[in-house]
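Colleague: Residue numbers (my numbering): 15 to 198. Have a look at this one.
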Ligand SMILES: Cc1cc2nc3c(=O)[nH]c(=O)nc-3n(C[C@H](O)[C@H](O)[C@H](O)COP(=O)(O)O)c2cc1C
């Protein structure tokens, strides 16, 4: 069975990122694939130590809470990364996770573990969904090296209210459909 790894980078269990990732997960499961869900704020892991072990080995040398996630991504058919926007960027645990998955890319910046359909989900306080578009695109520029093939980027707005995404039926459907697309 195809496995889709869903990574939640929000500290709010019932916030907007979680709502949309749960909709993605339903789509994945209805599409016939399995979900592996990781909540970064519940996991204990170090930031990248810059040891460059992964430049000559296809793994991160650090054995902590992120090790299992890294192995899951390597084997996955698809990856979903969800984050609130904090200080105009992804949250800290999401950035630390991206640094640690450097091992997915080889010394020539080609993917070591094939390509994976990828979906990003962001929740922001600001009400214009295009406000951080250039940042989202800039972040996605690293994806080809990781083997991440971006199929969609879903942005939820007015996110200080944890129910914003819950009330946005269209956005939840888009997230659900993206989940199905990941499964196929
Ligand atoms: C420390 C912090 C920094 C934030 N910075 C921004 C920001 O730069 N731009 C913005 O639109 N919203 C910002 N927000 C609002 C969050 O994006 C909003 O609360 C988020 O969408 C909540 O997502 P969640 O419901 O998934 O946890 C910030 C919130 C916090 C706590």
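Note that the Cβ used here is the ideal one computed from N, Cα and C, for glycine as well.
#1: Let's test the definition: count the other Cβ atoms within 10 Å of the Cβ of residue 117 and tell me whether it reaches 16, buried, or not, exposed.
#2: Is there contact here, the stretch 120-132 with the stretch 22-42, by at least three beta-carbon pairs under 8 Å?
#3: Find the nearest neighbour of residue 196 within the set 139, 103, 134, 174, judged by alpha-carbon distance.
#4: Can you tell me whether residue 36 is buried or exposed, with buried defined as 16 or more other CB within 10 angstroms of its CB?
#5: Leaving aside the five residues before and after residue 75 along the sequence, list all residues of the same chain whose C-beta is less than 7 Å from its C-beta, in chain order.
#6: Would you kindly report the start and end of the unbroken beta strand (DSSP E) that includes residue 52?
#7: In the structure shown, what three-state DSSP assignment does residue 75 receive?
#8: Quick one: does the C-beta of residue 139 sit closer than 7 Å to a heavy atom of ligand 1?
#9: Decide if the stretch 143-156 is in contact with the stretch 94-111; the criterion is three or more beta carbon pairs, one per stretch, under 8 Å apart.
#10: Measuring alpha carbon to alpha carbon, tell me which residue in 129, 166, 111 is nearest residue 60.
#11: Going straight from the alpha carbon of residue 55 to that of residue 24, what length do you get?
#12: Can you check DSSP and say which residues form a bridge with residue 20?
#13: For the putative contact between residue 46 and residue 193, defined by C-beta atoms under 8 Å, what is the C-beta separation to the nearest angstrom?
#14: In whole angstroms, what is the alpha-carbon distance linking residue 177 and residue 52?
#15: Should residue 108 be counted as a contact of ligand 1 given a C-beta to heavy atom distance under 7 Å?
#16: For residue 180, does the count of other Cβ atoms within 10 angstroms reach 16, so buried, or fall short, so exposed?
#17: First and last residue of the alpha helix (DSSP H) that includes residue 194?
#18: Spatial neighbours of residue 159 within its chain, please: CB distance less than 6 Å, with the 5 preceding and 5 following residues excluded, ordered by chain position.
#19: Please find out if some non-hydrogen atom of ligand 1 comes closer than 7 Å to the beta-carbon of residue 104.
Modeller: Put simply:
#1: The residue is buried, with at least 16 neighbouring Cβ atoms inside 10 Å.
#2: No, the stretch 120-132 does not touch the stretch 22-42.
#3: Taking the Cα of residue 196 as reference, the smallest distance to any Cα among 139, 103, 134, 174 is reached at 134.
#4: The residue is buried, with at least 16 neighbouring Cβ atoms inside 10 Å.
#5: Closer than 7 Å at Cβ, skipping near neighbours: 65, 67.
#6: 48-53 is the span of the beta strand (DSSP E), which, as asked, contains residue 52.
#7: Annotated three-state conformation of residue 75 is coil, per DSSP.
#8: Relative to ligand 1, residue 139 has its C-beta within less than 7 Å of a heavy atom.
#9: Under the Cβ criterion (8 Å, minimum of three pairs), the stretch 143-156 counts as touching the stretch 94-111.
#10: Among 129, 166, 111, the Cα nearest to that of residue 60 is on 111.
#11: Straight-line Cα distance between these residues: approximately 7 Å.
#12: As computed with DSSP, residue 20 is found in a beta bridge with 51, 94.
#13: The beta carbons of residue 46 and residue 193 sit about 11 Å from each other, so the pair does not count as a contact at 8 Å.
#14: Straight across, the Cα-Cα distance linking residue 177 with residue 52 is about 21 Å.
#15: No, ligand 1 has no heavy atom inside 7 Å of this Cβ.
#16: Result: buried.
#17: DSSP places residue 194 inside the alpha helix (DSSP H), whose first and last residues are 183-197.
#18: Excluding five sequence positions before and after residue 159, the CB atoms of its chain that fall closer than 6 Å to its own CB belong to 119, 123, given in chain order.
#19: Judged by the Cβ position, residue 104 fails to qualify as a neighbour of ligand 1 at the 7 Å threshold, every heavy atom of the ligand being at least this far.
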